[in-house]
Amino acid sequence: MSATSVLLSTDLFDRIKVFQHGMHLDMRPLKVLSRYPLGELHLYTHLTSDHQAAMARADAVLAPWYAVRGPTQLACLFQWFPYTVRVVVTHAAYFGHVAILEYLHDVYTIDRFQDLPLWNAAAANDHLDVLAFLYRHEYKSFYQQSSLSCAAATGAIAAIEWLHRHAIPCDCRDAQDVAAEMGQLETLQWLHSRGIGDTSLWAMNQAAKNGHLDVLVWLYDHTTGGCTTDAMDGAARNGHLDVLEWLVRHHTSATVASIQYAAAHGLVDVVEWLLVHQPLLPKTERVMEAAAHHGHLDVVQALHDYGWPSSKQVLDRAAAGGHLQILQWLQYAKPQEGCTSSAMDDAAREGHLEVVQWLHEKYRSVGCSTDAMDSAAMRGHLDVVRWLHRHRREGCSDQCLLNAARSGRLEMVQWLCRHRQECRGDEAKKVAAGHARRQGHTDIAQFLEGGVMEECHCSDCDGTRMTQLSCHMS
């Protein structure tokens, strides 16, 4: 009985498994943890949505692991994956796991985990017990200066009050601006009433951009910071029509950037409002270009109805975006405008075969340049390349094969070598093979360095007799 108890001892097993080769099975899922869960936090005054998403991903891995094993296996985790120390400790502060922090302090002391954003993570989520733990153990961090701003961004007033009461060294200058930017009106009022930080033009500009009308009104009534045309531009970009109306009532003017942003995002109600209420905006064809490129026909039509100018580039941009319906409308409503060769070049580059065919039919004389086939080949649009080969005379340049090889397009490289005179020279293939090999595309390099090609009889050869491989692509 005593022998059995010894053999079943978990302590003995832990000592034995140290000598076992390989990774513990329960450690493998944790390999995905990020090295830097909060990234370049020192570049920000608060935790961004990317930071929050990173912590959520870490929690999806760590929470079920803790539920089964608790913190006692962390030493083993750190041994296998030393980089996980940062994410484990930061995760504990972010989600308020004081017990894990206490365990880590007992085993290692918290000072071992230097310069982690623990103050910021705890303050942003109102974890006063974590703040008290850090304070009790005199934890210092490079990131500590922005911890109050992180709390202001999330409206964590209790954390702000705690940091202020305990005189934690923080840079408070941006706190009110950050609260305004993130729409935390109650926090902004609390900071303002206690003289913590100050507001600048940033406050109203960012509140307008993010649609926080209540914050905007309060700032106007209680501060002297004001705003710039960036407020209108930001509100227009994000479709905050109520904010635009308020700004105009309070003597803030829009710029052409306002309507261009709205046009690019397809915010037709904002565009129409600006056309009516800001009639002195300088009329530029760039606004219609932005709408056409992003496929917003209703915006293009509204601008046309209000007499805003267009140009050949409007149709070019619509072609680049693959928006055939807009092309058809422009050709009907503005037949005098036409397009440039960039239209077909750009449509080919993006793989919009239907647009390329339409342009060939409607603007055959405008045509394209060798960039059309070159860029389509580089992007791997074989259907476009074959169509251009059959229906256009521009051909390709001596860079076509090189770019296709460098991009790893084996099927494209094979087709070009079989069908384009520009790509069949020994020197061109030698150079392309070298680039392909350097990029790790060994299959392409081997093809280009191969022997004599057989004769091809496919439809792409147009009845010519060429010494090449059979491509079977008719």
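Residue numbers (the UniProt record's numbering): 1 to 474.
All C-beta atoms in this analysis are idealised placements derived from N, C-alpha and C, irrespective of residue type, glycine included.
Is it buried or exposed, residue i, if we count other Cβ atoms within 10 angstroms and call 16 or more buried?
i: D233; result: buried
i: K209; result: buried
i: Q446; result: exposed
i: Q114; result: exposed
i: S375; result: buried
i: H166; result: exposed
i: P82; result: exposed
i: Y332; result: exposed
i: H472; result: Its pLDDT being 40, under 50, H472 is placed unreliably in this model, and the coordinates cannot settle the point.
i: P117; result: buried
i: D426; result: exposed
i: A203; result: buried
i: A99; result: exposed
i: S474; result: Only weak support exists for where S474 lies, its pLDDT of 33 falling under 50; the value from the coordinates is given anyway. Looking at its Cβ environment, which holds fewer than 16 other Cβ atoms inside 10 Å, S474 is exposed.
i: K430; result: exposed
i: residue 536; result: What is shown of the chain runs 1 to 474, which leaves residue 536 out entirely.
i: V276; result: exposed
i: A290; result: buried
i: W80; result: exposed
Is residue i helix, strand or coil when you go by DSSP?
i: E181; result: helix
i: Q114; result: coil
i: F142; result: helix
i: D345; result: helix
i: H391; result: helix
i: P335; result: coil
i: S147; result: helix
i: E411; result: helix
i: A254; result: coil
i: D233; result: helix
i: T48; result: coil
i: N238; result: coil
i: N125; result: coil
i: L76; result: The identity of residue 76 in the sequence shown is Cys, whereas the question assumes Leu. DSSP places C76 in helix when its eight states are reduced to three.
i: Q278; result: coil
i: Q399; result: coil
i: E272; result: helix
i: C227; result: coil
i: P309; result: coil
i: L30; result: helix
i: G197; result: coil
i: Q328; result: helix
i: E289; result: helix
i: R424; result: coil
i: N120; result: helix
Confirm, please, whether the CB-CB distance from residue j to residue i is below 8 Å.
i: M288; j: V314; result: yes
i: G338; j: V356; result: no
i: C172; j: S147; result: no
i: A405; j: L448; result: yes
i: A180; j: A151; result: no
i: N205; j: D221; result: no
i: L191; j: A175; result: yes
i: L267; j: C227; result: no
i: L401; j: V413; result: yes
i: W65; j: L101; result: no
i: W358; j: L324; result: yes
* Asked: Where are the alpha helix (DSSP H) runs, 4 residues long or more, that stay fully inside the region 150-176, in chain order?
  -> Here the runs fully enclosed are 157-165.
* Kindly confirm or deny that the region 143-151 and the region 102-112 touch, where touching means at least three C-beta pairs closer than 8 Å. => No, the region 143-151 does not touch the region 102-112.
* Asked: Is the region 201-216 in contact with the region 235-254, if contact means three or more CB pairs nearer than 8 Å?
  -> Result yes; three or more Cβ-Cβ pairs closer than 8 Å.
* To do: Scan the region 349-380 and note each continuous alpha helix (DSSP H) run of 4 residues or more that stays entirely inside, going in chain order.
  => Complete alpha helix (DSSP H) runs here, min 4: 353-362 and 370-379.
* Touching or not, the region 253-269 and the region 278-288, by the rule of three or more beta carbon pairs under 8 Å? -> Verdict: yes, contact present.
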